[in-house]
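The numbering used here applies: residue 78 is where the sequence shown begins, and numbers increase by one. Just below is one structure, and these are the notes that go with it.
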Amino acid sequence: MTKTSTIGGASRRMQERRTEHEGPPKVSVIICVYNGGAYFRESLQSVLDQTCENIKIIVVDDGSTDGATAFLDGQNIDPRVKFFRQENQGKSAALNFALGQISSDYYAIHDADDLSHRERIEKQISFLADGIAMIETA
78 MTKTSTIGGA
88 SRRMQERRTE
98 HEGPPKVSVI
108 ICVYNGGAYF
118 RESLQSVLDQ
128 TCENIKIIVV
138 DDGSTDGATA
148 FLDGQNIDPR
158 VKFFRQENQG
168 KSAALNFALG
178 QISSDYYAIH
188 DADDLSHRER
198 IEKQISFLAD
208 GIAMIETA
């Protein structure tokens with residue numbers, strides 16, 4: 078069964094969550110944003126479109142002045158997205174804050190101007206489950 082979800086004005090089709098996706102997320106995806114208005118919406122959508130749906134997306138706006146995250150304010154955003162805003166303290170402070178919000182087995186860092194392949198998270202989990210000790214992405 079599918080339903081239509083509106084995220085920041087962009088519609089997408091997503092499968093209704095199945096019971097195996099309930100409980101803690103498998104992966105937390107961290108996105109720290111500072112003045113990423115030109116890229117952030119598309120970047121976030123690439124994470125929302127992952128084939129692995131059992132994720133938590135932690136967005137930390139580090140005091141943007143360009144309205145990069147304005148579309149998240151007051152929106153009916155995807156329940157996987159947890160949005161935080163702080164005064165500008167630098168990327169390391171935003172990242173450290175986000176790391177404190179993790180409740181999953183794994184985490185992935187996704188920059189505000191990154192686009193991820195739809196199977197990125199699924200493939201990374203698969204590699205980890207197969208015993209590969211390190212994954213490096215650029």
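All residues carry an ideal CB built from backbone N, CA and C; glycine is no exception. As the structure is a computational prediction, the values presented were derived from the model and not from experiment.
Practice problem: Entirely within the region 112-150 and at least 4 residues each: give me those alpha helix (DSSP H) ranges in chain order. | Solution: 117-125
Self-check item: C-alpha distance - K157 paired with T142, whole-angstrom precision
Solution: In the sequence under discussion, the amino acid at residue 157 is Arg, which differs from the Lys named in the question. Cα to Cα, R157 sits roughly 25 Å from T142.
Self-check item: Paired residues, beta bridge with K159 - DSSP
Solution: I135
Practice problem: Taking the CB atoms as reference points, tell me whether V137 and V106 lie closer together than 8 Å. | Solution: no
Quiz prompt | Host beta strand (DSSP E) of I107 (start-end) | solution = V104 to V110
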